[in-house]
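Quick notes on the structure that follows.
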Amino acid sequence: MELLQVLKSRRSVRKYKSDPIPMDQLHEIMSAAVSAPSAKNLQPWYFVVLTDGEEMNEASRIMQGCSATMKRELAERFVNNPEIVDETMTFLSAFGGAPCLVLVFAYSAEYRKDWEWDVIQSAAAACENLILAAWDKGIGSCWMTAPLRVSAEMEHAFAPDHGFMISAITLGYPEEASRDVRRKDGRVTFR
Numbered sequence: 001m002e003l004l005q006v007l008k009s010r011r012s013v014r015k016y017k018s019d020p021i022p023m024d025q026l027h028e029i030m031s032a033a034v035s036a037p038s039a040k041n042l043q044p045w046y047f048v049v050l051t052d053g054e055e056m057n058e059a060s061r062i063m064q065g066c067s068a069t070m071k072r073e074l075a076e077r078f079v080n081n082p083e084i085v086d087e088t089m090t091f092l093s094a095f096g097g098a099p100c101l102v103l104v105f106a107y108s109a110e111y112r113k114d115w116e117w118d119v120i121q122s123a124a125a126a127c128e129n130l131i132l133a134a135w136d137k138g139i140g141s142c143w144m145t146a147p148l149r150v151s152a153e154m155e156h157a158f159a160p161d162h163g164f165m166i167s168a169i170t171l172g173y174p175e176e177a178s179r180d181v182r183r184k185d186g187r188v189t190f191r
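Under the numbering used here, the residue at position 132 of the sequence shown is numbered 132, and the numbers go up by one with no gaps.
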């Protein structure tokens, strides 16, 4: 795909086919992720790519620790759309059946505490590269912050001593087309 087509056609996927992603494709996607720009050239990210069923189940089990809080927050946010709450909770319970889950952490050895925003923004750029590289290959994704509610448990289980958790991203082949989302107007001003 052309770059602008990738950028404009990408949507969050919350229901996946069970087909595994070939390892060479995962390597290419992760290579794109770590090619992102980073503040002060810190390259402060640490990725854990889960494809093993037992580890995916462990991540899902840990996520259950935040399900009540998430459901309450979503119900407040989507008061007129309870179906979105149900869909999201179903997705979070097993990551939509995704065959791959990428956990994103700050690499603690690489930054000073007062550089925390640099670290977060740099890791976010790497996440965007990851998602766009995946979509270019027909692999869907969903960038999640819900796992931050159980970050201590995720850090302990999957990346002890590597820093704080930043996000998690599901990867897989979409089971169905994602609904189109209207982009909000008035978010760009030219002067």
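Think of the CB as a built atom: it goes at the ideal place given N, C-alpha and C, for glycine as much as any other residue.
Cβ shell of residue i (< 6 Å), same chain only, five flanking positions each side left out
i: Val34; result: none
i: Glu175; result: Lys15, Tyr16 and Lys17
i: Leu197; result: What the structure shows of the chain is the stretch from 1 to 191, and residue 197 is not part of that stretch, so it cannot be assessed.
i: Pro147; result: Met154 and Ala168
Pair within 9 Å by beta-carbon distance, residue i and residue j
i: Ile84; j: Ala106; result: no
i: Ile169; j: Leu101; result: yes
i: Ala36; j: Asn129; result: yes
i: Val104; j: Cys127; result: yes
i: Phe158; j: Leu50; result: yes
i: Arg11; j: Asp180; result: yes
i: Ala39; j: Asp114; result: no
i: Trp45; j: Ser108; result: no
i: Ser9; j: Trp135; result: yes
i: Pro99; j: Asp19; result: yes
i: Met70; j: Met56; result: no
7 Å CB neighbourhood of residue i in its chain, flanking five on each side removed
i: Pro186; result: Here residue 186 is Gly; the residue named in the question, Pro, does not match the sequence. Taken in chain order, the list of residues that qualify is empty.
i: Glu58; result: Ala157
Three-state secondary structure assigned by DSSP to residue i
i: Ala106; result: strand
i: Phe190; result: coil
i: Thr170; result: strand
i: Ala48; result: Note on identity: in this sequence residue 48 is Val, with Ala being the wrong assignment. In this structure, Val48 counts as strand in the three-state DSSP scheme.
i: Met165; result: strand
i: Met144; result: strand
i: Ser60; result: helix
i: Leu101; result: strand
i: Ser223; result: With the chain covering 1 to 191 only, the question about residue 223 has no answer from this structure.
Meets three-Cβ-pair contact criterion under 8 Å: the segment 173-188 and the segment 135-142: At 8 Å Cβ cutoff, the stretches touch.
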